[in-house]
Amino acid sequence: MKLFTENQRIGSTVALVRRRGRAILALTFALLLGGLLFGGPGAHAAGALLNVIVANDSAHPVPVSGSVAVNNTGANPVPVTGNVGVSGSVAVADNREPFEKRVDLADAGGSVDTGNFQVPAGKRLVVEFISASVNVPSGQTPLLSANAGTGALGFPIPVQLQGVGNGNAFYEGATPVLDFAAPGSFYSITLERQLPAGGQVTGDGGGYVYLSGYLIPAS
Numbered sequence: 011m012k013l014f015t016e017n018q019r020i021g022s023t024v025a026l027v028r029r030r031g032r033a034i035l036a037l038t039f040a041l042l043l044g045g046l047l048f049g050g051p052g053a054h055a056a057g058a059l060l061n062v063i064v065a066n067d068s069a070h071p072v073p074v075s076g077s078v079a080v081n082n083t084g085a086n087p088v089p090v091t092g093n094v095g096v097s098g099s100v101a102v103a104d105n106r107e108p109f110e111k112r113v114d115l116a117d118a119g120g121s122v123d124t125g126n127f128q129v130p131a132g133k134r135l136v137v138e139f140i141s142a143s144v145n146v147p148s149g150q151t152p153l154l155s156a157n158a159g160t161g162a163l164g165f166p167i168p169v170q171l172q173g174v175g176n177g178n179a180f181y182e183g184a185t186p187v188l189d190f191a192a193p194g195s196f197y198s199i200t201l202e203r204q205l206p207a208g209g210q211v212t213g214d215g216g217g218y219v220y221l222s223g224y225l226i227p228a229s
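Numbered per our numbering, the sequence shown spans residues 11 to 229.
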């Protein structure tokens, strides 16, 4: 059996320690090199946001799931070509502005009275409903009409007799309509009084006409 001297044992231990030191040094260098290659400025540059153009054609369709928000503004319009299929609920921005107006009519002694108002600039008026309440001297017949004044021929507003009192006849009516008026134009309501047998009317007449609809941008 071979026996080691004390010096031999010490030399063997020193050699083992040196080999372990070199291995630890090599591992440390490898870790530092990996950090420089994969954790330095290049790694940060890889994570930066980039603009990407996606070609979503029939040969390379891009699957989309969940909610998708598209900011389609005037400054950055989103061009859409071809057929677009839409399923599910779609929220549509409504640019209609509710509109209501009362037109007063007061006819003192004449056979015709007209009340009007001007459509706001930059807006197009769409009238959807008209109601009226007028009174004329008993025995006379009121004729109401509306006219957008922008090329339209106008249309009658039907009213019916509701009753007679204090020498006056009271008429009311309501009708759905679809009429349009251009920006800045005048929308007119006309009250005409007639006698069944003809002739000149006398006395006072008048009433109120209510319009409802919406305004939309003219452009």
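Backbone N, C-alpha and C fix where the C-beta goes; we use that ideal spot for every residue, glycine too. Note that this is a predicted model, so its numbers are computed, not measured.
Nearest to Asn-105 by CA position, among Arg-134, Phe-127 and Asn-93, is which residue? Arg-134
Pairwise C-alpha distance: Ala-142 and Arg-112: 9 Å
Here's the rule: buried if 16 or more other CB atoms are within 10 angstroms of the residue's CB, otherwise exposed. What is Leu-115? buried
List the whole-angstrom C-beta distance separating Pro-152 from Gly-213, where the pair is believed to meet the contact cut-off of C-beta under 8 Å. Wrong, their Cβ atoms sit about 12 Å apart, outside the cutoff.
What does a CB cutoff of less than 8 Å around Gly-183 pick up in its chain, not counting 5 residues either side in sequence? Ser-141, Ala-142, Leu-154, Ile-167, Pro-168, Val-169 and Gln-170
Rounded C-beta distance between Phe-109 and Ser-222? I'm assuming under 8 Å. 7 Å
With a cut-off of 8 Å on the beta carbons, I'd call Gln-150 and Gln-204 a contact; round off their distance for me. 7 Å
Neighbourhood of Asn-178 by C-beta, 8 Å cutoff - its chain only, sequence neighbours within 5 removed: Asn-145, Val-146, Pro-147 and Ser-148
Please go through the segment 128 to 165 and give each complete beta strand (DSSP E) segment of 3 or more residues, from N-terminal end onward. 133 to 147 and 151 to 157
Ala-131 versus Gly-194 - alpha carbon distance: 5 Å
Could you check if Ala-158 is buried or exposed, using at least 16 other CB atoms within 10 Å of its CB as the buried criterion? buried
Identified DSSP bridge partners for Pro-186: Phe-139
Taking DSSP as the reference, what is the three-state secondary structure of Leu-225? strand
Checking the sheet assignment: what are the DSSP bridge partners for Ala-191? Leu-135
Do Val-136 and Ile-226 have their C-beta atoms within less than 8 Å of each other? yes
Only counting the same chain, and skipping five residues up and downstream in sequence, which positions put a Cβ closer than 6 Å to that of Asp-123? Leu-115, Asp-117 and Leu-201
According to DSSP, is Ile-63 part of a helix, a strand, or is it coil? coil
Which same chain residues, not among the five before or five after Val-72, have their C-beta less than 7 Å away from its C-beta? Val-64 and Asn-66
Decide if Met-11 is buried, meaning its Cβ has at least 16 other Cβ atoms within 10 Å, or exposed. In this prediction, Met-11 scores a pLDDT of 49, lower than 50, which makes its location untrustworthy; the coordinate-derived value is nonetheless stated afterwards. Result: exposed.
Taking 6 Å as the limit between beta carbons, can you name the residues of its chain near Ile-199, skipping five residues before and five after? Val-113, Gly-125, Ala-156 and Val-219
Starting from the C-beta of Phe-139, find all residues in its chain whose C-beta is less than 6 Å away, skip the five residues before and the five after it, and write them out in chain order. Pro-186 and Ser-222
What does DSSP give as the partner residue(s) for Leu-201 in the beta ladder? Asp-123 and Leu-154
At which residues does the beta strand (DSSP E) containing Asp-104 begin and terminate? Neither: Asp-104 is in no beta strand (DSSP E) and is coded neither H nor E.
Using CA coordinates, which residue listed in Glu-107, Gly-98, Ser-68 and Tyr-197 is at the minimum distance from Thr-91? Ser-68
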